[in-house]
Amino acid sequence: MLMGGLACESCGRPMASQADRAGGLADARYCAQCGDRRGQLRPFEAVLEALIVNDYMGRNGLDRGAAEIAARNALARQPAWRK
Ligand SMILES: [Zn+2]
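Under numbering that gives the first Met the number 0, the residue at position 25 of the sequence shown is numbered 24, and the numbers go up by one with no gaps.
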């Protein structure tokens, strides 16, 4: 069953299960990487750094410079960070 808020509003990552959500909270708007254990959004620099290191460097194998550009672009498109 599909419900609203299936993707993290900060990084866009799909949150398939409740465990993917910040704090394991069913109504958290952010994933466990972007939110703290109360479901609150972490500071931009913390979210950016985690995305660079875990996702773009770790999973995608980019070097630091390319990973940072990709991470900043990805966050700029998300509701939590759109200006
Ligand atoms: Zn996220």
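Even glycine gets a Cβ: it sits at the ideal position worked out from N, Cα and C.
Grab the span of the alpha helix (DSSP H) containing isoleucine 101 for me, first residue to last. The requested residue 101 is not part of the displayed model; the chain covers only 0 to 82.
Could you check the C-alpha separation between leucine 61 and leucine 24 for me, to the nearest Å? 31 angstroms
Assigned secondary structure, arginine 41 (DSSP; H/G/I helix, E/B strand, else coil): coil
Use the C-beta contact count for serine 16: other C-beta atoms within 10 angstroms, 16 or more gives buried, fewer gives exposed. exposed
Outcome for methionine 0 when other beta-carbon atoms lying within 10 angstroms are tallied against a minimum of 16: The pLDDT assigned to methionine 0 is 42, lower than 50, so where the model puts this residue is not dependable; a value taken from the coordinates is nonetheless given after this. It is exposed - the Cβ of methionine 0 has fewer than 16 other Cβ atoms within 10 Å.
Tell me whether arginine 20 sits in a helix, a strand or coil according to DSSP, three-state version. Reduced to three states, the DSSP call for arginine 20 is strand.
Below 8 angstroms, how does it come out for the segment 47 to 56 and the segment 65 to 74: are there three or more Cβ pairs, yes or no? Enough Cβ pairs lie closer than 8 angstroms, so yes.
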